[in-house]
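Structure record follows, encoded as structure tokens.
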Amino acid sequence: MSSGTPAYKLLEIAAAGTFGTVCVVRDLDRGTLVALKVLKEAHLHRPRVIARTRDEAAMLSQLHHPGIVQVGQLLYLEDRPVLVMEWVRGLSLEAILEPRRRGLPLPIAIEIVRQVTLALGAAYHALPTRGHEPMRIIHRDIKPSNLLLSVDGVVKVVDFGIARGDFEGKEAKTLSMVLGARGYLAPERLDGHDDKPSCDIYSLGIVLYELLTGQHVMLSVHRDYHTQALERHLTALSPEGLS
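Under my numbering, the first residue of the sequence shown is numbered 232, with each subsequent residue one higher.
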């Protein structure tokens, strides 16, 4: 560890995703708990992933909202990119819903979605415009496991844009399939169109359905499901399908 690099003590591994592992550590210099997102070894020799991680760390550090997990500096520990983030004491909505097997009370579900909507709105207006085009930070992976309910009742959106799903070429489609494996992607994303804020709102709508009913709107999703999932999204989420 180089001089000037914070010293951390590993406490637990909180989560593992497609690109990185999130660890809870104690900052030995400050005595506080923080989360470190460590890029997985499989991606260490992929320049595009490294570059995207670096660029997104700089961009996400500009997001300041109580409903968004704060992103700090990007460090290099043993030549591996490590993103320092706010640690949230609480549970993900996935962890809350899974043992219940039923939905949450309507006022609670509405309050959760209200808080997430405010956080997303802040992200969409966080960056200055470039010419006449707004520069929006789109999450692209809204789902219960990326929504944390803190012990003080604040909903926090996590993993904001780290896996953006907009790499070039074949890698982009592969990544989109990985991120959509749990059936939260909007039909236009499954069909290969560009990401828009409406894609996040669509995903949040599926989360709301799950919060109210305790089950996903699509009970069966297969690995190789592009056509099936697209058809299911278009039919199951139509007024007739939800009746």
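Beta carbons are placed, not taken as given, at the ideal position from N, Cα and C, and that holds for glycine.
(1) State the Cα-Cα distance for the pair G251 and L270, rounded to the nearest angstrom.
(2) Any contact between the segment 333-340 and the segment 290-304? By contact I mean 3 or more CB pairs, one from each, below 8 angstroms.
(3) Near F391, what residues of its chain come up, given a Cβ to Cβ distance below 8 angstroms and the 5 sequence neighbours on each side ignored?
(4) Decide yes or no for the touch test of the segment 322-329 against the segment 374-385: beta carbon pairs closer than 8 angstroms, at least 3 of them.
(5) Can you tell me whether P338 is buried or exposed, with buried defined as 16 or more other CB within 10 angstroms of its CB?
(6) Which residues does DSSP pair with V388 in a beta bridge?
(7) So V544 packs on V388, CB below 8 angstroms; how close in whole Å?
(8) For M290, write down the residues that DSSP places opposite it in a beta bridge.
(9) Rounded to whole angstroms, what is the Cα-Cα separation between A357 and A288?
(10) How long is the line joining the alpha carbons of L351 and A245, rounded to whole angstroms?
(11) Quick check: what's the CA-CA separation for I341 versus V438?
(12) Could you tell me if T284 is buried or exposed, where buried requires 16 or more neighbouring beta carbons within 10 angstroms of its beta carbon?
(13) Please report whether the beta-carbon of L380 lies at a distance below 8 angstroms from any beta-carbon of chain D.
(14) Can you look up Y415 in the DSSP assignment and give me helix, strand or coil?
(15) Using a Cβ-Cβ cut-off of 7 angstroms (strictly less than) and excluding sequence neighbours within five positions of K240, which residues of its own chain qualify?
(16) I think L207 touches V315, with their Cβ atoms under 8 angstroms apart; what is that distance to the nearest whole Å?
(17) With 16 as the cutoff for other CB atoms within 10 Å, does G262 come out buried or exposed?
(18) Identify which residue in G384, D372 and V385 has its Cα closest to the Cα of G436.
(19) To the nearest angstrom, how far is it from the Cα of E329 to the Cα of R279?
(20) When the Cα atoms are used, what is the spatial distance from E272 to D286?
(21) Enumerate in chain order the residues of its own chain whose CB-to-CB distance from V253 is below 6 angstroms, with the five nearest sequence positions on each side excluded.
(22) Of the residues L416, Q304, D426 and R320, which one's Cα is nearest the Cα of S236?
(23) Should D383 go down as buried or exposed, given a rule of 16 or more other Cβ atoms within 10 Å for buried?
(24) Enumerate in chain order the residues of its own chain whose CB-to-CB distance from R311 is below 7 angstroms, with the five nearest sequence positions on each side excluded.
(25) Using DSSP bridges, identify the partner residues of A247.
(26) For D431, collect the residues of the same chain with a Cβ closer than 8 angstroms to its Cβ; drop the 5 residues on either side in sequence, then sort them by chain order.
For this structure:
(1) 4 angstroms
(2) no
(3) L291, L294, I299, V300, V302, A354, I368 and H370
(4) yes
(5) exposed
(6) I299 and L378
(7) Examination of residue 544 is not possible in this model, given that the chain is present from 232 through 474 alone.
(8) Answer by DSSP bridge pairing: none, since M290 is not bridged.
(9) 14 angstroms
(10) 24 angstroms
(11) 11 angstroms
(12) buried
(13) Reference to chain D is not applicable here, since this structure consists of a single protein chain.
(14) coil
(15) V256, R257 and L259
(16) Examination of residue 207 is not possible in this model, given that the chain is present from 232 through 474 alone.
(17) exposed
(18) D372
(19) 35 angstroms
(20) 19 angstroms
(21) A245, A246, A266 and K268
(22) With the sequence shown as reference, residue 236 is identified as Thr, and Ser is not the correct amino acid for it. The option with the nearest alpha carbon to T236 is Q304.
(23) exposed
(24) V269, L270 and L275
(25) T252
(26) L351, I369, H370, R371 and I373
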